[in-house]
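Enquirer:
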Amino acid sequence: MLHAMVMAGGGGTRFWPRSRQVRPKQFLSFSGDRTLLQGTVDRIAAQVPGERTWVLTSEQHRAEAVEQLKGMVPSEHVVGEPMGRDTAPCVALGAALIAKADSDATIMVMPADHLIEPEQEFRRAAHAAEQFANDFPDSLLTFGIVPTFPSTGYGYIHRGDRAGTRQGVTISKALGFEEKPAMSRAEEFLASGDYFWNSGIFVWKPTAILGQLEKRKPALLATINKIAAAWGTERSTDVFRTEYANAEKISIDFAVMQDAATEGKVLVMHAPYKWDDVGSWLALERHNPQDASGNTVQGLHCGVKTSNCVIVSDPTHLIATLGVENLVIVQCGNATLVTTRKGEADVKDIIAKMKSGGLGQFL
Numbered sequence: 001m002l003h004a005m006v007m008a009g010g011g012g013t014r015f016w017p018r019s020r021q022v023r024p025k026q027f028l029s030f031s032g033d034r035t036l037l038q039g040t041v042d043r044i045a046a047q048v049p050g051e052r053t054w055v056l057t058s059e060q061h062r063a064e065a066v067e068q069l070k071g072m073v074p075s076e077h078v079v080g081e082p083m084g085r086d087t088a089p090c091v092a093l094g095a096a097l098i099a100k101a102d103s104d105a106t107i108m109v110m111p112a113d114h115l116i117e118p119e120q121e122f123r124r125a126a127h128a129a130e131q132f133a134n135d136f137p138d139s140l141l142t143f144g145i146v147p148t149f150p151s152t153g154y155g156y157i158h159r160g161d162r163a164g165t166r167q168g169v170t171i172s173k174a175l176g177f178e179e180k181p182a183m184s185r186a187e188e189f190l191a192s193g194d195y196f197w198n199s200g201i202f203v204w205k206p207t208a209i210l211g212q213l214e215k216r217k218p219a220l221l222a223t224i225n226k227i228a229a230a231w232g233t234e235r236s237t238d239v240f241r242t243e244y245a246n247a248e249k250i251s252i253d254f255a256v257m258q259d260a261a262t263e264g265k266v267l268v269m270h271a272p273y274k275w276d277d278v279g280s281w282l283a284l285e286r287h288n289p290q291d292a293s294g295n296t297v298q299g300l301h302c303g304v305k306t307s308n309c310v311i312v313s314d315p316t317h318l319i320a321t322l323g324v325e326n327l328v329i330v331q332c333g334n335a336t337l338v339t340t341r342k343g344e345a346d347v348k349d350i351i352a353k354m355k356s357g358g359l360g361q362f363l
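Residues 1 to 363 in this note's numbering are what the sequence shown spells out, letter by letter.
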């Protein structure tokens, strides 16, 4: 049966100041009333009921996740990592826990902070992916997104020969991965038609992913196996905290996917839907209307000679602009960000300066 694993542990720093340490991006709403986390679980709920859904988040945010998913996912399936160790330990733990419950499971791994539409196309792809996993039980399947522009902020997957079609959805062999290329390379990838964006959505059998981890990262898997063996016992919390700190901090792409692709063990699905990782404030333009001057506004704004700006504020906080263009202005609570459209990609730099400058209370 298909099980869902939702990764909800990121810090969401690119969405500061709305996304803060106390409530990161995945717990916020950017389009509609549902938060990104709720929307992710909603998206798969028709195929995967709550009792087969697991959410891995940080220990700090577990209570928030439990509250947002009340009536959707059992609280015991919301796991709070004692510290962030990147996606490989997270994926390994989820696979080990699901395998304990269902040794013949198929697992879909999804980040909690993406927007996907139309959702019925995602569900068609999920159904096809489950069939592919049964057809190729030793392979690792990832969802590839057809690029629409040359992005230097996304990872890419090089596709090879087609390997099959299910539910009208095609998969191909994945030949390799490339992380965040230079613009010239991104333009080449787009022009070739042989590359997908890496969406970070995966489908596999527990035996496939755990077998790859055993081969490539045996120490990491041994650590995770200790945690899984103690799960549900009175020793669980102590073992989790002690052992997880020893797990190597590494992404699943670097730990497994890149090398597995060169050995022919990775398949890439041609995703039949639109996808957005909502990775910057400019993403709001893709999901909200613009005014006659090209401004995207959420909140209270009065502007004169203002164009091509993204402006966000609390409902009772007025932002007034005069004679400006191509800016990103975001006010939330006790902090305001002002940057250019180009500079918006480097929000992490101001975050780092606030940390080093004793302004951590605003993060």
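Glycine included, every Cβ here is placed at the ideal spot set by N, Cα and C. Only a predicted model underlies this, so the values are computations on that prediction, with no experimental measurement involved.
Which runs of the alpha helix (DSSP H), 4 residues or longer, sit entirely within the region 58-134?
Expert: Listed in chain order, they are 62-68, 87-101.
Enquirer: According to DSSP, which residues form a beta bridge with Ala335?
Expert: In DSSP, Ala335 forms a bridge with Cys332.
Enquirer: What does DSSP give as the partner residues of His3 in its beta bridges?
Expert: Per DSSP, Ile107.
Enquirer: Closest by CA to Leu140, which one among Met110, Trp275, Pro206?
Expert: It is Pro206 whose Cα lies nearest to the Cα of Leu140.
Enquirer: Classify Arg159: buried if its beta carbon has 16 or more other beta carbons within 10 angstroms, exposed otherwise.
Expert: By the 10 Å Cβ count, Arg159 comes out buried.
Enquirer: For Leu300, list the residues DSSP reports as bridge partners.
Expert: DSSP output for Leu300 lists Leu318 as bridge partner(s).
Enquirer: With DSSP as the reference, please indicate the residues paired to Phe177 in a beta bridge.
Expert: DSSP, once it has assigned bridges, lists Ile157 as partnering Phe177.
Enquirer: Taking the beta strand (DSSP E) that Lys348 falls in, what are its first and last residues?
Expert: Segment 347-356 is the alpha helix (DSSP H) holding Lys348; no beta strand (DSSP E) there.
Enquirer: Which of the three DSSP states, helix, strand or coil, is assigned to Tyr244?
Expert: Tyr244 falls in the helix class under three-state DSSP.
Enquirer: Let me check understanding here. Comparing Cα to Cα, which of Ile224, Val256, Asp253 lies closest to Arg241?
Expert: That would be Ile224, whose Cα lies nearest to the Cα of Arg241.
Enquirer: Return the bridge partner residues of His270 from the DSSP annotation.
Expert: Gly144.
Enquirer: Under a Cβ-count criterion, where at least 16 other Cβ atoms within 10 Å of its own Cβ denotes burial, should Asn288 be classed as buried or exposed?
Expert: That one is exposed.
Enquirer: Classify Glu292 as helix, strand or coil using the three-state DSSP reduction.
Expert: Residue identity check: residue 292 is Ala in the sequence provided, not Glu. In the structure shown, Ala292 sits in coil (DSSP, three-state: anything other than H, G, I, E or B).
Enquirer: Put Ser192 into one of helix, strand or coil per three-state DSSP.
Expert: Looking at Ser192 - three-state DSSP - the assignment turns out to be helix.
Enquirer: Quick test of your reading: Met110 and Ile171, contact by CB under 8 Å. State the CB separation rounded to the nearest angstrom.
Expert: The pair is not a contact, with the Cβ atoms about 18 Å apart (cut-off 8 Å).
Enquirer: Can you tell me which of the three DSSP states Trp16 falls into?
Expert: Trp16: coil per DSSP, three-state reduction.
Enquirer: Taking just the CA atoms, how far does Lys180 sit from Ile319?
Expert: Approximately 34 Å, taken between the alpha carbons.
Enquirer: Given this structure, state the Cα-to-Cα distance separating Asp104 from Ala133, to the nearest angstrom.
Expert: Looking at the two C-alpha atoms, the distance is approximately 11 Å.
Enquirer: Mind checking whether Thr40 and Val91 have CB atoms under 7 Å apart?
Expert: Contact: no.
Enquirer: Determine whether the beta carbon atoms of Asp113 and Lys25 lie at a separation below 7 Å.
Expert: A contact, by the Cβ cut-off of 7 Å.
Enquirer: Just to confirm my understanding: we take Tyr135, look at its own chain, exclude 5 residues before and 5 after, and list those with CB closer than 6 Å. What are they?
Expert: Inspection of the sequence shows that residue 135 is occupied by Asp rather than by Tyr. Around Asp135: no qualifying Cβ.
Enquirer: Can you give the Cα-Cα distance for His3 and Thr53, rounded to whole angstroms?
Expert: Approximately 6 Å between the Cα atoms of the pair.
Enquirer: Over the uninterrupted beta strand (DSSP E) stretch that includes Ile224, give me the two end residues.
Expert: Premise fails: Ile224 lies in the alpha helix (DSSP H), 218-230, not in any beta strand (DSSP E).
Enquirer: On a CA-only basis, which of Ser236, Ile157, Arg14, Gly94 is nearest Asp259? Give me that one, please.
Expert: Taking only the C-alpha atoms, the option nearest Asp259 is Ile157.
Enquirer: Measuring alpha carbon to alpha carbon, tell me which residue in Asn198, Tyr273, Ala228 is nearest Val169.
Expert: If we check each option's Cα against that of Val169, Tyr273 comes out closest.
Enquirer: Need the endpoints of the beta strand (DSSP E) that Ile44 sits in, please.
Expert: Counting along the chain, Ile44 falls outside any beta strand (DSSP E), though it belongs to the alpha helix (DSSP H) covering 36-45.
Enquirer: So what does DSSP say about Gly343, is it helix, strand or coil?
Expert: DSSP places Gly343 in helix when its eight states are reduced to three.
Enquirer: By the 10 Å Cβ neighbour count, where 16 or more other Cβ atoms means buried, how is Val203 classified, buried or exposed?
Expert: Val203 should be labelled buried.
Enquirer: Select from Arg18, Ala63, Arg85, Lys226 the residue whose C-alpha is nearest the C-alpha of Leu97.
Expert: The residue with the shortest Cα to Cα distance from Leu97 is Lys226.
Enquirer: With distances taken Cα to Cα, identify the nearest neighbour of Ala46 among Ala126, Glu187, Val328.
Expert: Nearest C-alpha to Ala46: Ala126.
Enquirer: Going by the DSSP bridge assignment, what does Phe202 pair with across the sheet?
Expert: Its beta-bridge partners are Val109, Thr142.
Enquirer: With a CB to CB cut of under 7 Å and the five nearest residues on each side skipped, what residues in its chain are close to Thr152?
Expert: If we look at Thr152 and ignore the five residues flanking it on each side, its Cβ neighbours are Lys180, Pro181, Ala182, Met183, Ala186.
Enquirer: Find the nearest neighbour of Leu300 within the set Ser313, Gly294, Ala292, judged by alpha-carbon distance.
Expert: Among Ser313, Gly294, Ala292, the Cα nearest to that of Leu300 belongs to Ser313.
Enquirer: Helix, strand or coil for Ala208 per DSSP?
Expert: Ala208 falls in the helix class under three-state DSSP.
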